[in-house]
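Step one of this worksheet: look at the structure below.
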Amino acid sequence: ETGVTQTPRHLVMGMTNKKSLKCEQHLGHNAMYWYKQSAKKPLELMFVYSLEERVENNSVPSRFSPECPNSSHLFLHLHTLQPEDSALYLCASSQDRRNEQFFGPGTRLTVL
Amino acid sequence: DQQVKQNSPSLSVQEGRISILNCDYTNSMFDYFLWYKKYPAEGPTFLISISSIKDKNEDGRFTVFLNKSAKHLSLHIVPSQPGDSAVYFCAASNVGNEKLTFGTGTRLTIIP
Chain A
4 ETGVTQTPRH
14 LVMGMTNKKS
24 LKCEQHLGHN
34 AMYWYKQSAK
44 KPLELMFVYS
54 LEERVENNSV
64 PSRFSPECPN
74 SSHLFLHLHT
84 LQPEDSALYL
94 CASSQDRRNE
104 QFFGPGTRLT
114 VL
Chain B
5 DQQVKQNSPS
15 LSVQEGRISI
25 LNCDYTNSMF
35 DYFLWYKKYP
45 AEGPTFLISI
55 SSIKDKNEDG
65 RFTVFLNKSA
75 KHLSLHIVPS
85 QPGDSAVYFC
95 AASNVGNEKL
105 TFGTGTRLTI
115 IP
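From first to last, the protein sequence lines are chains A and B. In terms of this note's numbering, the first sequence opens at residue 4 and continues consecutively. In terms of this note's numbering, the second sequence opens at residue 5 and continues consecutively.
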C-alpha cells in the first residue's frame, strides 16, 4: 500500500449505530488530519494530530471522536450521528503541519 | 465568513488552450497558497504551491500567480489536456495557524 488509505470507502449507518473510520498513511509523515466535505461547501478541517497529539479541534460535536494511536494511523469514531452528518470524510497527512497535505480517497458516509 | 473564494463553480476550455482558474482571499495574514486537483471518487491531490514572498511559481504546464495587493491568485494550465478535467481547489494558510482553508472548488472540463 502506498500513500494514504481509508476504510471503508462507503458507509451507511443509522442514527443509533456506532462505527469507526480508519485512515493509514504510508508516507512517514508526522501530522494527520480529518476533513469533512459536504455538498457545495469547502473542505472543513475537523481535527489535526501532530506527533500523535491532538493540536486542533474545530468545534466539532462530541459525537465525532478522533483517535491517533501512532503516527501512521488515525481513526474517527462515530456515535449517534445525525442525517446532516452525511458527507465525504477525508483523511490527510503531511510532514510538519505547514507542508503539502496528501489526501486519502475518502469515506462516503450516509446517515439514515 | 468564507476566507477563500472560488467564484466560478465551473469552467469549460477547449483542448490545447489555456485554462485559468481564479481564487480570491480575504485574510491578509495568509502567506502560503496551494492548488489541489480532485477526480471523482478520489481524494484531492496536491498540484502546486506558492509562498507570499513570490508572485509566480511554475511547474511544467502549471503556473500559479499571486497578486498580494489584490488578494488574488490564479492557476494557469497550458496547454490544457483532457486529463486535466477535474475539480480544482485553492487553499491558504497563515503563520501561527497552519491549518489549510479551502475554497469551494471549480470544476474544469476540457473539451476535446
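By construction, the Cβ of each residue, glycine as well, lies at the ideal position given by its N, Cα and C atoms.
CB contact below 8 Å: residue i versus chain B
i, result
"R101 (chain A)", "yes"
"V51 (chain A)", "yes"
"P108 (chain A)", "yes"
Inter-residue CB distance, residue i and residue j (contact presumed, cutoff 8 Å)
i, j, result
"V84 (chain B)", "S23 (chain B)", "One point to set straight first is that residue 84 (chain B) is Ser, not Val, in the sequence displayed. That pair is a contact at about 5 Å."
"H32 (chain A)", "Q98 (chain A)", "5 Å"
"L70 (chain B)", "L79 (chain B)", "No, L70 (chain B) and L79 (chain B) are not in contact; Cβ-Cβ is about 11 Å, not under 8 Å."
Range covered by the beta strand (DSSP E) that runs through residue i
i, result
"M35 (chain A)", "A34 to Q40"
"I52 (chain B)", "T49 to S55"
"L25 (chain B)", "S23 to Y29"
"Q85 (chain B)", "Careful: Q85 (chain B) lies outside any beta strand (DSSP E) and carries neither H nor E."
"R111 (chain B)", "T110 to I115"
"V63 (chain A)", "Neither: V63 (chain A) is in no beta strand (DSSP E) and is coded neither H nor E."
"Y92 (chain B)", "A90 to N98"
"R111 (chain A)", "T110 to V114"
"E62 (chain B)", "K60 to D63"
Residue i at chain A interface by Cβ criterion, 8 Å
i, result
"E46 (chain B)", "yes"
"K103 (chain B)", "yes"
"Q6 (chain B)", "yes"
Cross-chain neighbours of residue i in chain A, by beta carbon under 7 Å
i, result
"G124 (chain B)", "The structure shown does not extend to residue 124 (chain B), since chain B is modelled only from 5 to 116, so the question has no answer here."
Identified DSSP bridge partners for residue i
i, result
"R57 (chain A)", "A:Y52"
"Y43 (chain B)", "BP columns for Y43 (chain B) are empty, so no partner."
Chain D within 8 Å of residue i, Cβ atoms only
i, result
"Y29 (chain B)", "Absent here is chain D; the protein component of the structure consists of chains A and B."
Interface partners of residue i on chain B, CB under 9 Å
i, result
"Q104 (chain A)", "L38, Y40, P48, F50, A95 and L104"
"P64 (chain A)", "Per Cβ cutoff of 9 Å: no residues; P64 (chain A) is ~18 Å from chain B at best."
Residues that residue i contacts on chain A, provided the C-beta gap is smaller than 8 Å
i, result
"S53 (chain B)", "E103"
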